[in-house]
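Protein chains in written order, with the UniProt record's numbering: chain A, 1 to 194; chain W, 1 to 194.
The next block holds one structure in the form of structure tokens; read it before the comments.
Number of protein chains: 2
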Amino acid sequence: MSSKVSTDRKREIIEGFYELAKINGIENTSIAKIGKHLGMPPSLIMHYFPTRNILISNLISFILKRILKIYTPIIKELRTQNYTDPETFVNRLFSRDWNLLIDDGVFYSCFSLIFRNETIKREFRNLHVKLREDLKEILDQDENLKEKNTALLSEQIFVIVEGAYYYLSMVEDQEEYEAKVIIFKNQVYQLLQP
Amino acid sequence: MSSKVSTDRKREIIEGFYELAKINGIENTSIAKIGKHLGMPPSLIMHYFPTRNILISNLISFILKRILKIYTPIIKELRTQNYTDPETFVNRLFSRDWNLLIDDGVFYSCFSLIFRNETIKREFRNLHVKLREDLKEILDQDENLKEKNTALLSEQIFVIVEGAYYYLSMVEDQEEYEAKVIIFKNQVYQLLQP
DNA sequence: ATTTTTGTTGAATGACCATTCAATATTATG
DNA sequence: CATAATATTGAATGGTCATTCAACAAAAAT
């Protein structure tokens with residue numbers, strides 16, 4: 001059990017790391033720079049995170065924990081109201097809240113590490129398993145989908161959402177962006193057709 | 001117009017960079033390491049690519065050029081036979097040839113740079129526009145889809161393929177991988193339903 | 001009150017990095 | 001053949017990097 005000071009400092013460091021990584025990218029964010037940003041010597045950072053790799057794993061855990069919470073507002077809403085109309089649900093899937101939650105640049109930087117690090121790959125895999133379970137839970141609440149294979153549906157919706165986020169991150173033009181979102185939403189509605 | 005030596009050397013350097021980036025990641029591949037790998041002094045690399053950033057942009061162009069060729073075998077097949085059955089077409093979309101063409105780790109590393117570099121973002125955007133045009137061209141050849149909006153279809157198929165590649169890159173288990181591929185293929189078939 | 005543990009500092013280390021430069025070799029051009 | 005342009009070498013530069021260490025300070029445990 002670590003002290004309050006310890007956990008607070010660790011969080012402070014990881015958040016500082018994240019802040020700088022948003023601006024300069026993970027690869028350009030050194031321990032010295034984090035230290036300067038937070039007004040502490042680099043040696044203090046290494047006291048809490050003995051190696052840079054450990055620091056990076058902790059940043060990834062931090063990010064994945066945030067992402068995991070994406071569906072929780074929908075689930076909460078469902079638990080209280082016992083129902084959410086498909087429209088608000090689909091809107092949530094494609095809302096920009098996701099982007100606010102975590103910086104896309106940092107996210108894909110971290111993601112690219114799965115190809116050279118088994119542990120990171122496993123962490124990402126677990127995240128996605130949980131996200132799909134959440135999605136299934138939401139679909140299971142919908143009376144209209146009672147006859148449907150919601151596990152399969154959640155896979156299919158999931159892949160559209162992931163593809164859409166990847167794809168939309170390249171689109172700069174506002175109108176084009178919204179036109180595409182409509183296309184992808186319709187694609188999900190088609191799947192939800194009872 | 002640059003000499004043959006010049007273009008050959010440039011290609012050699014970029015390919016060497018790519019080889020090392022596959023193993024160690026872009027961020028861990030220094031100019032010195034590329035030089036050692038190719039048996040040339042780092043100064044020679046900098047003679048052809050004056051800064052590291054320029055070297056990276058050239059690597060990205062190299063990669064994007066390769067990816068652009070993904071659909072060309074299908075298109076060629078179409079041009080000669082004047083027809084491809086949807087099944088072989090969809091199989092191609094999800095075949096592992098794609099992965100052989102370019103390393104996923106390097107690809108997503110490059111992709112993550114779009115969020116901090118406008119030029120790179122534009123390059124990726126252009127690539128994807130062209131890929132979708134290729135996809136549309138393929139769909140337009142299919143008599144059964146004559147009544148359909150193939151531009152829209154290509155967007156929808158594209159987003160599934162992109163999402164699938166993202167998603168599948170986390171799946172290690174062979175059986176699970178193939179089960180998911182079947183799901184995503186079916187999703188595409190549903191869209192192709194006349 | 002003393003000891004132990006935890007937190008913090010700042011200086012030092014050697015490795016590696018991108019980049020520069022001047023010198024030399026090779027090739028192309030007149 | 002002479003000259004100009006291109007290709008290649010190797011050494012040097014200053015900066016940054018992750019990491020180490022010994023010392024000091026504060027807090028907790030005894």
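Don't be surprised by glycine CBs; every beta carbon is placed ideally from N, CA and C.
Counted within 10 angstroms of its Cβ, other Cβ atoms place residue i as buried (16 or more) or exposed
i	result
GLY163(W)	buried
LEU179(A)	Checking the displayed sequence, the identity of residue 179(A) turns out to be Ala instead of Leu. Under this definition ALA179(A) is an exposed residue.
GLN187(W)	buried
GLY39(W)	exposed
GLU147(W)	exposed
ASP85(W)	exposed
GLU155(A)	buried
THR72(A)	exposed
ILE23(A)	exposed
ALA21(A)	buried
GLU123(A)	buried
ASP142(A)	buried
LEU44(A)	exposed
SER109(W)	buried
TYR166(W)	buried
SER169(A)	buried
ILE120(A)	buried
ILE182(W)	exposed
THR7(W)	exposed
ILE160(W)	buried
VAL5(A)	exposed
ILE54(A)	exposed
7 Å Cβ cutoff, residue i in contact with chain W
i	result
ARG116(A)	yes
GLN81(A)	no
residue 259(A)	In the structure displayed, chain A extends from 1 to 194; residue 259(A) sits before or after that span and is not available.
ALA164(A)	yes
ASP85(A)	no
VAL159(A)	yes
TYR177(A)	no
ILE183(A)	yes
MET46(A)	no
GLU133(A)	no
GLU27(A)	yes
GLN174(A)	no
GLN193(A)	no
TYR189(A)	no
GLU12(A)	no
C-beta neighbour in chain A for residue i, strict 7 Å
i	result
TYR18(W)	no
TYR108(W)	yes
ASP8(W)	no
MET111(W)	According to the sequence displayed, residue 111(W) carries Phe and not Met. Chain A, which has a Cβ nearer than 7 Å to the Cβ of PHE111(W), makes this yes.
ASP104(W)	yes
residue 208(W)	For chain W, the structure presents residues 1 to 194; residue 208(W) sits outside this window and is missing.
MET170(W)	yes
TYR71(W)	no
GLN141(W)	no
GLU147(W)	no
GLU155(W)	yes
For residue i, the nearest candidate out of the options (CA to CA)
i	options	result
LEU191(W)	TYR166(W), TYR108(W) and ASN144(W)	ASN144(W)
ASN126(A)	GLU15(A), ILE45(A), ASP8(A) and LEU64(A)	LEU64(A)
LEU101(W)	TYR18(W), VAL5(W) and SER3(W)	TYR18(W)
residue 257(W)	GLU172(A), GLN174(A) and LYS185(A)	There is simply no residue 257(W) to check, as chain W begins at 1 and stops at 194 in what is shown.
ASP104(W)	GLN174(A), LEU113(A) and GLU176(A)	LEU113(A)
VAL106(W)	THR80(W), SER95(W) and ILE56(W)	ILE56(W)
PHE158(W)	LEU135(W), MET170(W) and GLN141(W)	LEU135(W)
THR88(A)	ARG79(A), ASP97(A), ILE74(A) and GLN81(A)	ILE74(A)
ARG79(W)	ILE138(W), PRO41(W) and VAL171(W)	ILE138(W)
GLN174(A)	ARG96(A), ASN149(A) and LYS121(A)	ARG96(A)
ARG9(W)	GLY35(W), ILE26(W) and ASN28(W)	GLY35(W)
ARG52(W)	GLU27(W), GLN81(W), VAL181(W) and HIS37(W)	GLU27(W)
GLU172(W)	GLU118(A), VAL181(A) and GLU172(A)	GLU118(A)
TYR177(W)	ASN149(W), ASP140(W), PHE94(W) and HIS37(W)	PHE94(W)
Closer than 6 Å: residue i CB and nearest the ligand SAH heavy atom
i	result
LEU192(A)	Summarising the ligand content, the structure contains no ligands, and the ligand SAH is consequently not present.
Quick check: the stretch 118-137 of chain A against the stretch 65-84 of chain A, are at least 3 beta-carbon pairs closer than 8 Å? yes
Just checking, does the stretch 38-55 of chain A make contact with the stretch 2-15 of chain A on the three C-beta pairs under 8 Å criterion? yes
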